[in-house]
Structure formats: C-alpha cells, structure tokens
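When the letters of the sequence shown are read in order and numbered with full-length UniProt numbering, they come out as residues 1 to 367.
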Amino acid sequence: MIQTPKQSPVYCPGHTRPVVDICYSGETDCGHLFITASKDGKAILRQGDTGDWIGTFLGHSGAVWSCVLDKHATKAATGAADFTAKVWDANSGSELISITQDHIVRCVDLSKTDSGSKLLTANNCRKISVYDLNSPNSPISMFEGHEQIIRRLLWCGEDKLALSASEDKTIRLWDLRDVGSKPVAVRQLWSKELSDPVNDIQFNIHCNIDQVTAVAACGNSVQTYAFDWRYKNLVEQPESLSTFTLSCPVNSVSLHPTEKFLVCGGENHIIYRLNSETGELLETCKGHFGPLHCVRFSPDGHVFSSGSEDGTVRLWQTVVGSDFGLWKLSVPNEVSAVNCSNLPTTSKEHCGSNLTEVPATGDTVKS
C-alpha cells in the first residue's frame, strides 16, 4: 500500500440513527451540495465542501432509505419505510409531492436532463415505477423483473434507460425510450448475473467516449464493468473488466469522476481507496464506529463522503493535506490578522434557505 498522510475527516453530526444513503448535486451558486438519508426518518441537506448544515427535510414517519438531488439542487426526493416517496423544494424545505406505494420505498432517482421532472422508484415488492412529476397521481409506467429487493435504481442513457441492482445477484438494464406522458410497457434489455447479492452500483460517463465505466459492490468484492449505451448495442451485456476481493462484505462503492481510483466500504468500518484498474490498495480510512452503508465522491473529486451505522457523516480528502473546504493550511507559530469584512457568509445565508431545525456544524476530528 502507498504510504499517505493520516486523514483528519470532517465530522458532520445531525442524524441520530444509521446513515444509509448520500447523493451530491451538480454545481450550484453555492458550490456542490449533498443530501443524506437516515433511519431516523430525516434527510439532511449540507454544503458539499465543508459539510455545514443547510436544512433538514421533515415529514417521513419511518426510516428514509434513499435520497437524491436534482442537478441544480432545487429539488430533492426521498424514499422511506412509511411506504411513501416524497419530492421536496430544496430551497424552502417544503414538501411538494407525496406518493404512497404498497410497500417500503427503497430507491428513488430524479431524471437528469429535464431538471428532475420524472421520478424513478423501487419498493420492497420489487416494483419499479416511473412518475411524471407534473402529474404524479399515478405512474406512467410500472414494471417488475427482479426476484429480491432492489438496492439501487438509476436513470442513465440521457434518461432513456434505467439501471437496477438487486439482492437477486443481478443488474438489469431497462428501456424507457417510449415512456412519455402516457402509460407504456417497459422492456428489459438485459440481465447480468453476478456472484453475490449486489448492494450498490455507480457509473461514470467519460467525456468524448461512448464507453461507460460502472462499479458494483457485490458480496466481498468490487467489480468493474464497461457499458456501451449507444442504442444499436443496448442488448449486449456489459463487459466485465476486473474483480477486487476485500476482507469483508462491501456495502457501497464510488468511482472518482476523473481519476482511476475508487472508494468502497462495508462491514469492518474501514473505507478503502483502490486503483480502479489494478486493484492496488492506495489508502485505508478509519474513523467510523460502525459498518459503512454509503460512500460517494463529490462531483469535483476533491472529497468523498461516508455514512455509517454509527449515525454520522464524514468528509475525507482525496488529496490529504490539500487546502480545501475546512482543511485550511496554516504555518506553525505564525499569527496573522484576520480581515472579518472578507469572511464568507454561512451556507444558509448564501443559499437563502428557509429550512428549519437547529444546525449541526461540521468539525474536524482525528481518525
């Protein structure tokens, strides 16, 4: 393993039970934001570079299993154990839409190309639904295929496809090209069988390259795949690139947006950073006191965040010691004057948020 300086993660309190999902927005006037989902029934919106609290979405009466922000962080969606999927105004925190289903809503995702005007959901009855949020009373499409709980459901292919991963040891691609404002049937394009139940899947689209790299957390391993989403090749299953075996079950994985490495974590409380081509162990990050449920890189790749059974969110540096966010470099034994007139406003003031609840400010702790 390459020797790297010890991490000092930013600790983000606020949740009182396990944190099970994390999602980043695209670039906004406030920079990148991220949302976290927890079994305490809350979703929390935070500043992407510092972890500072912006607001809490209150309204679910059960564990929140999934969360997502649209590209511009104007809209959020959550899925919960109270059998509902909810859509929120991310500026005010108000609930916009509540959709009741017949079981726990395990996965949600907002469409990427139209400011989140469509919502994908998957519930524990293994039903996948597509909603037009301009008319959300009933789904415009509903379909099944998985034999066990769906752990991840993602829009892809410019919102013309959906990718799902399940505990039935398969990942599947669905054709949504004909889904519009009226109900239509959805066709499964392929099903790829893996060696173990799939806990997570994420993908990166490389600029000017048709190939998409995907990475799956499957049993005790991380598996990488090459997808080709050009429509003439949609029926071809993804090409398996490599498999990296770890010493514990892996619950979540995330690819760096530009570099050739990934982070993953699972039952032994440790985050691993690996070379995504060779599997070389680059770094281990310790600090959580429970299993890892979710890890995600920020869109700019400067940090990655983790959510754990211990009820905390932590931010970690991709390049340890860099001057970014709350990790400000200082010269020992040197004191300089501070011009208070140049200090930035808080995230809440800058974003003009009206979300309520006492803020939980991020702080750095030694791992």
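From the three backbone atoms N, C-alpha and C, an ideal C-beta is built for every residue, glycine too.
Q | Complete beta strand (DSSP E) runs within the segment 191 to 262 (minimum length 3 residues, chain order) | A | 198 to 205, 211 to 218, 221 to 228, 239 to 245 and 250 to 255
Q. From residue 12 to residue 314, what distance separates their C-alpha atoms?
A. 6 Å
Q) How about residue 68 and residue 110: do their beta carbons lie closer than 8 Å? A) yes
**Q.** Element boundaries [beta strand (DSSP E), containing residue 123]
**A.** 118 to 123
Q. Cβ of residue 128 within 8 Å of Cβ of residue 153?
A. yes
Q.
Measuring only the C-alpha atoms, how far is residue 310 from residue 288?
A. 7 Å
Q) Among 237, 256, 263 and 322, which residue has its Cα nearest to the Cα of residue 222? A) 263
Q) Would you call the CB atoms of residue 378 and residue 293 closer than 8 Å? A) Outside the displayed range of the chain (1 to 367) lies residue 378, so it cannot be described from this structure.
(Q) By DSSP's criteria, residue 8 is part of a beta bridge. Which residues make up the other side? (A) BP columns for residue 8 are empty, so no partner.
**Q.** Spatial neighbours of residue 39 in its chain, beta-carbon cut-off 6 Å, leaving aside the 5 residues before and after
**A.** 17, 18 and 63
Q.
I'd like the span of the beta strand (DSSP E) that includes residue 31, first residue to last.
A. Premise fails: residue 31 is in no beta strand (DSSP E) and is neither H nor E.
Q. If residue 75 and residue 26 are in contact, beta carbons under 8 Å, what's the gap, nearest whole angstrom?
A. So it is not a contact: roughly 12 Å between Cβ atoms.
Q. Relative to the C-alpha of residue 243, which residue among 256, 215 and 269 is closest?
A. 215
Q.
Could you give the first and the last residue of the continuous beta strand (DSSP E) run that contains residue 275?
A. 271 to 275
Q.
By alpha-carbon positions, which one of 218, 246 and 143 ends up nearest to residue 400?
A. Residue coverage of the chain in this structure runs from 1 to 367, which leaves residue 400 outside it and unanswerable.
Q.
For a test of the three-state rule: what should DSSP assign to residue 15, helix, strand or coil?
A. coil
Q: Please state if the CB of residue 317 and the CB of residue 295 are separated by a distance shorter than 8 Å.
A: no
Q | Three-state secondary structure assigned by DSSP to residue 324 | A | strand
Q: Can you grab the Cα-Cα spacing for the pair residue 126 / residue 145, in whole Å?
A: 8 Å
Q) If we ignore side chains and look at the alpha-carbon of each, how far apart do residue 141 and residue 102 end up? A) 16 Å
Q.
Extract the residue ranges of the beta strand (DSSP E) inside the segment 62 to 132, only unbroken runs of 3 or more that lie entirely within it.
A. 64 to 69, 75 to 80, 84 to 89, 95 to 100, 105 to 110, 118 to 123 and 128 to 132
Q: Could you check how far apart the C-beta atoms of residue 252 and residue 200 are, in whole angstroms? I think they sit under 8 Å.
A: 5 Å
Q: Compute the Euclidean distance between the alpha carbons of residue 236 and residue 325, then round it to the nearest angstrom.
A: 43 Å
Q: For my contact list, residue 79 and residue 85 are in at a C-beta cut-off of 8 Å; report their separation, rounded to the angstrom.
A: 5 Å
Q | Beta-carbon contacts of residue 197 that lie in its chain and below 6 Å, excluding the five residues immediately before and after | A | 167 and 169
**Q.** Cross-strand partners of residue 162 (DSSP beta bridge)
**A.** 155 and 174
Q | residue 82 to residue 276 span [Cα, whole Å] | A | 38 Å
Q. What residues in its chain sit with their C-beta under 7 Å from that of residue 189, if we drop five residues either side in the sequence?
A. 173, 174, 175, 234 and 235
Q. Per DSSP, what kind of secondary structure is residue 184 in: helix, strand or coil?
A. coil
**Q.** With 16 other Cβ atoms within 10 Å as the buried cut-off, status of residue 130
**A.** buried
Q: Consult DSSP for residue 20 and reduce its assignment to one of helix, strand or coil.
A: strand
Q. In three-state DSSP terms, what is residue 189?
A. strand
Q.
Is residue 67 near the ligand GTP - that is, is its Cβ less than 7 Å away from at least one heavy atom of it?
A. The ligand GTP is not among the ligands present in this structure, which contains no ligands whatsoever.
Q. Between the Cα of residue 135 and the Cα atoms of 284, 98 and 47, which residue gives the shortest distance?
A. 98
**Q.** residue 395 classed as buried or exposed, judged by whether at least 16 other C-beta atoms fall within 10 angstroms
**A.** Since the displayed the chain opens at 1 and closes at 367, residue 395 lies outside it and no answer follows.
Q: Assign residue 159 to buried or exposed, taking buried as 16 or more other Cβ atoms, counted over all protein chains shown, within 10 Å of its Cβ.
A: buried
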